[in-house]
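A short worksheet on the structure shown next.
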Amino acid sequence: MQQELAELRQERREAGRTDEPQQTSHNMNPPPVDRQGYAAYGQPGIQGQPYPQQSMPGYPPNVNQNQPYQGQPPYAYNPGPRTPTPHQPEFNPYAYDRQQQGHTPPEPKPPVDWEHLIARVWLPRVFIVVLLLGVLWGFTAAVSAGYLTEPVRCLLGVVAAAVMYWLGERQLRSQREALGQVLLGGAVGVLILSVFAAHELYDLIPSGLAFALYILSIALCVFTALRRRSQTLMIIATVAGYLIPFLVHSTHPNAWVFTGYETVFSLAMIAVALKFEFRAAYFVAVGVLHLPLLIGYAAGDFGESRHIFIAAVFIQHAVLLGYAFFAPSLRRLDETLSLFPGYGIMALWIYTLYPFAEGSIHWRPLMLIVWALAYTLAAWGKHMQGQRAPVFAAVATSAWFLWTLDILDQSYSPAASIVVGTAGIILGLKLKSYMQQITAALVFFYGLSGTLFLVIHDILSAQTLSWVLLLIGIAVLAYVLRNTSELPISERLPDILMWADALLAIIFISQITNVFTAGLSYDFRHLVLSAVWALYAIAVIVCGIVIQRQMVRIAGIGLLFLTLMKVIIVDLPGVTVAVRAILFIGLGALGMVVSRLLYKRKNNAVPPISEETSIEP
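For the sequence shown, the residue numbers in my numbering are 37 to 653.
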């Protein structure tokens, strides 16, 4: 058997030497392979004798010349196609090189086409103004020379507007968007100026006809903007439409007509902007309304018509609130930017038009509570529908805050702010709304800052109420945050709040103690205050023992040391020797009692040893 294996190996080596010149060529086609990838026996390129018929160890039985070889291929034999391997001196196949590995670097950004930006975008915008100035000066020169009568001047303006409109349409059809939009906007402007000249300067047309022509001009601009899907033209039409009442001359201005037109036009532009998704035009339609209303109220004699102006503001805001509530919540950012600042501007209108309570009806608090209830119901309705509406809850919190400030005396405003802010923060944590949490935190901070500057002179006073509500509010917030799974800032926030509450409690009890000891002498006042501080420290330590919180016990010990520092630094220089003795004896005794109490607790915490427990010697 060993001899046969040796002969077979010899035959393979001879076959390998015979095929060596052919295998060294990289361009030689590989021998045919079977389905398993091995060279078929007996094909050209492999020389050797047929395998024997008998079975041998390690080879399949009944092998003949007509069957492919089913054993292992020859050692280091690779029948697959070979590709040349680069062997340049600089090439390192093991190095991590992006160029060697075939990595294509990102394409650089195309350079800014300044010629396109200047010549096609800004050049027509600048020189359309130059052209209009030239036409205006030429028009003025022709008028001064007496060549143009008043009707001819107005007709020339209408003709110029028509020509500019035609040229703008041609430019848009030729894919010159910037130039076309500038010409169309200029055409509308020239048309409005022509109507203004015919009405205001020359008295050629009455007020009613001028108003109708203005409306037709704005309608033409809106129609063009919608047909061309141009937001720029829509903004031009919106701004021009708001200015129409100021272009119509009226000897007896009517507040109902003025505010009615501005309100209806605002709502129409808002509806068009929402339908065609003109976001910038939407904000222009919402925000610009307040400017003509303010100018009209300040310029006209509308002091007795303030209800009409505030009604216009209320109607627009009510429409925005209704749309945000009933429409799909696809534009939450737009809702926030329109409702929250919109409510703030509306509140400014309320405080401006109704600076103080007048007559039997207190209009300002009534208006504030109506909007507070409206936003509260809107937030509750969205919550019942399973939808998130953080802007409703945040505005409701602000509305209730303003209402409480309005109905309460100024001395009670910090207390009211603390209550509203605490409730708002808890609601924001429940709703998981950062907007609500931030809004309520600002309200709470207003109450906190106002309370810190309050000095208690009487026990039963607004100052005392503010301090008590502040301490309770901070403790409640710490408890709620400790039981909240997702803290808004840090996991240590509840502990920070409790430490702050403990320090504020020292300030509070110091003021209360000073009120009670106001009639005593200087020595007794300091003696009583130090005793109160020490008792407060012991109370904190006992509380920590009861609730089994090490941090609370450490805080009590720290307060005890703070009391000692207060006695040494503040009390000793101004009190008598007898008072010093009382202070030190009392503090020393309290320190020993506290140490004994904590030592006893530590011994009780060790589990007792039972009789069955074996003690090794």
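Don't be surprised by glycine CBs; every beta carbon is placed ideally from N, CA and C.
Being a predicted model, the structure only gives us computed values, none of them experimental.
> Which residue from TYR201, ALA363 and GLY244 puts its Cα closest to that of ALA223?
Replying inline: Cα-wise, what sits closest to ALA223 is TYR201.
> Counting only runs that start and end within the region 483-541, where is the alpha helix (DSSP H) found for 4 or more residues in a row?
Replying inline: Runs of the alpha helix (DSSP H) inside the region 483-541: 498-518.
>> Taking 8 Å as the threshold (C-beta atoms), are ALA452 and GLY464 in contact?
In response: Between GLY464 and ALA452, the C-beta gap is not smaller than 8 Å, which leaves the two residues out of contact.
>> Output needed for GLY417: all residues of its chain with C-beta closer than 8 Å, excluding positions within five of it in sequence on either side, in chain order.
In response: So the list reads PHE361, once near-sequence residues are dropped.
> What runs of the alpha helix (DSSP H), each 4 residues or longer, lie entirely inside the region 342-369?
Replying inline: Those alpha helix (DSSP H) runs which fall completely within the region 342-369 and span 4+ residues are 342-362.
>> Give me the residue from GLY594, VAL582 and ALA614 with the minimum Cα distance to PHE560.
In response: Distances from the alpha-carbon of PHE560 to those of GLY594, VAL582 and ALA614 put ALA614 closest.
> Is it true that the region 259-270 meets the region 225-238, where meeting means three or more beta-carbon pairs spaced less than 8 Å apart?
Replying inline: Counting Cβ pairs under 8 Å, fewer than three are found: no touch.
>> Using the Cβ count rule (16 or more neighbours within 10 Å means buried), how would you classify MET403?
In response: MET403 should be labelled buried.
>> Helix, strand or coil for ARG424? Go by DSSP, reduced to three states.
In response: Reduced to three states, the DSSP call for ARG424 is coil.
> Is it true that the CB of THR295 sits closer than 8 Å to the CB of ALA348?
Replying inline: The answer is yes: Cβ separation under 8 Å.
> Using the beta-carbon count (16 or more within 10 Å), is ILE621 buried or exposed?
Replying inline: Residue environment analysis places ILE621 among the exposed positions, since fewer than 16 neighbouring C-beta atoms fall within 10 angstroms of its C-beta.
> Between the beta-carbon of THR487 and the beta-carbon of LEU513, is there less than 8 Å?
Replying inline: The Cβ atoms of THR487 and LEU513 lie no closer than 8 Å to each other.
>> Rounding to the nearest angstrom, what Cα-Cα distance links LEU571 and GLY580 in this structure?
In response: Roughly 14 Å between the two C-alpha positions.
> With distances taken between CB atoms, is the gap from PRO450 to GLY422 smaller than 8 Å?
Replying inline: No. Outside cutoff.
>> Only counting the same chain, and skipping five residues up and downstream in sequence, which positions put a Cβ closer than 7 Å to that of ALA42?
In response: So no residue of the chain qualifies.
>> Please classify ARG368 as buried or exposed, where buried requires at least 16 other C-beta atoms within 10 Å of its C-beta.
In response: With fewer than 16 Cβ atoms within 10 Å of its Cβ, ARG368 is classed as exposed.
>> Along the chain, where does the alpha helix (DSSP H) containing ILE228 start, and where does it finish?
In response: Per DSSP, ILE228 belongs to the alpha helix (DSSP H) from 213-232.
> Which word fits ALA196, buried or exposed, when buried means at least 16 other C-beta atoms lie within 10 angstroms of its C-beta?
Replying inline: ALA196 comes out buried.
> Does the separation of the CB atoms of ALA430 and PHE376 fall below 8 Å?
Replying inline: Note that the C-beta distance between ALA430 and PHE376 is below 8 Å.
>> Assuming contact is defined by CB atoms lying nearer than 8 Å, are HIS353 and TYR387 in contact in what I supplied?
In response: No, they are not a contact pair.
> Is DSSP giving ASN290 helix, strand or coil here?
Replying inline: Coil, per DSSP.
>> For ALA383 and ALA408, which I take to be in contact (beta-carbon distance under 8 Å), what is that distance rounded to the nearest angstrom?
In response: Cβ-Cβ separation between ALA383 and ALA408: approximately 11 Å, too far for a contact (criterion under 8 Å).
>> Relative to the C-alpha of TRP439, which candidate in ALA425, SER557 and VAL456 has its C-alpha closest?
In response: Per the Cα distances, VAL456.
> Are the Cβ atoms of TRP503 and ILE542 separated by less than 8 Å?
Replying inline: Remark: C-beta atoms of TRP503 and ILE542 do not approach each other more closely than 8 Å.
> Can you tell me whether DSSP reads GLU205 as helix, strand or coil?
Replying inline: Here GLU205 sits in helix by DSSP.
> From ALA498 to LEU283, what does the alpha carbon distance come to, in whole angstroms?
Replying inline: Taking C-alpha positions only, ALA498 is separated from LEU283 by approximately 55 Å.
> Could you check where the alpha helix (DSSP H) with GLY323 kicks off and where it finishes?
Replying inline: It spans 315-323 - the alpha helix (DSSP H) in which GLY323 sits, taken as one unbroken run.
> Can you tell which of PHE597, LEU556, LYS145 and GLY323 has the C-alpha that lies nearest to the C-alpha of ILE271?
Replying inline: Minimum Cα distance to ILE271 is reached at GLY323.
> Is the beta carbon of LEU595 sitting closer than 8 Å to the one on ALA573?
Replying inline: Yes.
>> Given this structure, state the Cα-to-Cα distance separating ILE590 from PRO401, to the nearest angstrom.
In response: Rounded to the nearest angstrom, the two C-alpha atoms are 48 Å apart.
> For ALA573, which three-state DSSP category applies?
Replying inline: For ALA573, the three-state secondary structure derived from DSSP is helix.
> Helix, strand or coil for PRO57 per DSSP?
Replying inline: Residue placement at PRO57 is poorly supported in this model, since its pLDDT is 48, which falls under 50; the coordinates still yield a value, given next. PRO57: helix per DSSP, three-state reduction.
> What are the boundary residues of the alpha helix (DSSP H) that includes LEU556?
Replying inline: Premise fails: LEU556 is in no alpha helix (DSSP H) and is neither H nor E.
> What first and last residue would you give for the alpha helix (DSSP H) that runs through ARG665?
Replying inline: Any property of residue 665 remains undetermined from this structure, which presents the chain solely from 37 to 653.
> If you measure from the beta carbon of VAL320 to each beta carbon in chain B, is any gap under 8 Å?
Replying inline: Note that chain B does not occur in the displayed structure, where there is just one protein chain.
> Terminal residues of the continuous alpha helix (DSSP H) containing PRO464?
Replying inline: Per the sequence shown, the amino acid found at residue 464 is Gly instead of Pro. Element bounds for GLY464: 449-467.
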